[in-house]
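Engineer: Residue numbers (the numbering used here): 21 to 112.
Positions of the beta carbon are idealized from the N, C-alpha and C atoms, including for glycine.
Below is one structure. I have some questions about it.
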Amino acid sequence: MFKNNNNNKCPICLDIIDNECFTACGHSFCLECILQWQSKRNCPCCRADLKLTHTQRIIDLQAEIARLEGELKTNKVIRFFSIIGDFFLSFV
Ligand SMILES: [Zn+2]
Ligand SMILES: [Zn+2]
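See the structure below:
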């Protein structure tokens, strides 16, 4: 659906997307950018309502990954990455 092979640019900061994060409407932004934009309540691209439950979930997972990495429990980390993989697949 959104297969820009060249460079995936963030519509907010106009730079290469860092920590790519998908909104419910299917656009992608830097995690940092969309979090700052969140107060505006609609997508910078298509003005759809931003439902950031997905974003929140990514943040939760990132926090959890950081925690698991800190504990160096490799098996758990791998399991978490596979969960995230499934999660992103549902948006592609
Ligand atoms: Zn950005
Ligand atoms: Zn959108």
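With C-beta atoms as the reference, is C50 less than 7 Å away from N39?
Structural biologist: yes
Engineer: Since C41 is in the beta strand (DSSP E), which residue starts that stretch and which ends it?
Structural biologist: E40 to F42
Engineer: Under the criterion of a Cβ to heavy atom distance below 6 Å, does I32 qualify as lining ligand 1?
Structural biologist: yes
Engineer: So what does DSSP say about D80, is it helix, strand or coil?
Structural biologist: helix
Engineer: At a cut-off of 6 Å, is C63 close to ligand 2 when judged by its beta-carbon and the heavy atoms of the ligand?
Structural biologist: yes
Engineer: May I ask which residues mark the beginning and end of the beta strand (DSSP E) holding C50?
Structural biologist: S48 to C50
Engineer: C63 and F43 - do their beta-carbons sit closer together than 7 Å?
Structural biologist: The amino acid occupying residue 43 in the given sequence is Thr; Phe does not appear at that position. Yes, Cβ-Cβ distance for T43 and C63 is below 7 Å.
Engineer: What does a CB cutoff of less than 8 Å around A68 pick up in its chain, not counting 5 residues either side in sequence?
Structural biologist: T43, A44, C45 and N62
Engineer: When the distance is taken between beta carbons, is H47 closer than 7 Å to C65?
Structural biologist: yes
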